[in-house]
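Positions 1 to 171 (full-length UniProt numbering) are the ones given, in order, by the sequence shown.
Idealized CB from N, CA, C, for every residue including glycine.
These numbers were taken from a predicted model, which means no experiment stands behind them.
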Amino acid sequence: MKTVRVPIALVQSVMRTLREKLQQANLYLNTNYPEPTLHYNQRGTIAGSAYYANWEIRINPTLLIENKQNFIEEVIPHELAHLLVNRHFGRAAPHGKEWKWMMETVLGVSAKRTHHFDVSTVKAKTFRYACQCEEEHQLTIRRHNKVLRGENQYRCRHCQSILQFIEQSKF
Ligand SMILES: [Zn+2]
Ligand SMILES: [Zn+2]
C-alpha cells in the first residue's frame, strides 16, 4: 500500500488547530488533557477517526491534501470532541448530546455528524459495512477478503457489533 506524504505546511496547520481547540477545551473544562497523537494513516473514504485507548486521531492524508483548511476546521474538532467526550464522560453515544455539547459549547464549532468531502479519489477498492449504531464503515479489499474467506471479523469500536457487508462502493 502506498503512503501519502502530507506537506509540512498542512501538518503544521493541523497541529495549530488541534492545539488551539485542545487549549480551548482545557480552559472551559478546567482540565489538563494531553495532546492526542496524530497519525496520517486513515484509509478509505473516512475522513478521520478517534481511538480512545491510544488517545489518537487518525487522519485521511488524501482527503486532507485535497480539502486543506476546510478539512482541518471540520475534522480536527470533530475527532478531538470524540476523545474529549470519552475521557470526560466515559461511554457515550458517538454523536450524542455529550458530543454535541463538546462541539458547540466547548469547542465553538457546529456539530455536523458527518463530513461531505468529495471522496471520488479515495473511493476505489473499499467496501461498505454496517454496524448497529449509525457509524459508517469502510473496509479495505484486504480486510474484505478476510471476511469473505471467514478468516476474520471486524467490530465497530463504538457499539462493538460485528460489521456486516452492505455492497461494493463504486466510483
Ligand atoms: Zn464522529
Ligand atoms: Zn457501531
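N67 is the residue among L84, N67, H115 and V122 whose C-alpha sits nearest the C-alpha of L10.
Applying a distance threshold of 5 Å between residue Cβ atoms and the heavy atoms of ligand 2 selects C131, C133, E135, C156, H158 and C159, given in chain order. Within the same chain, A111 come within 6 Å of E104 by CB-CB distance, once the 5 residues on both sides are set aside.
Taking 8 Å as the upper bound for CB-CB distance, F71 and L63 are in contact here, some 6 Å apart. Taking each of V122, L84, Q164 and D118 in turn and checking the Cα distance to L29, the smallest one comes out for L84. Using a 10 angstroms sphere on the CB of I166, the tally of other CB atoms stays under 16, which defines it as exposed. Within the same chain, and ignoring the five residues on either side of Q132 in sequence, the residues whose Cβ sits closer than 8 Å to its Cβ are C156, C159 and S161. Burial check for G108: the Cβ neighbour count within 10 Å stays below 16, so the residue is exposed.
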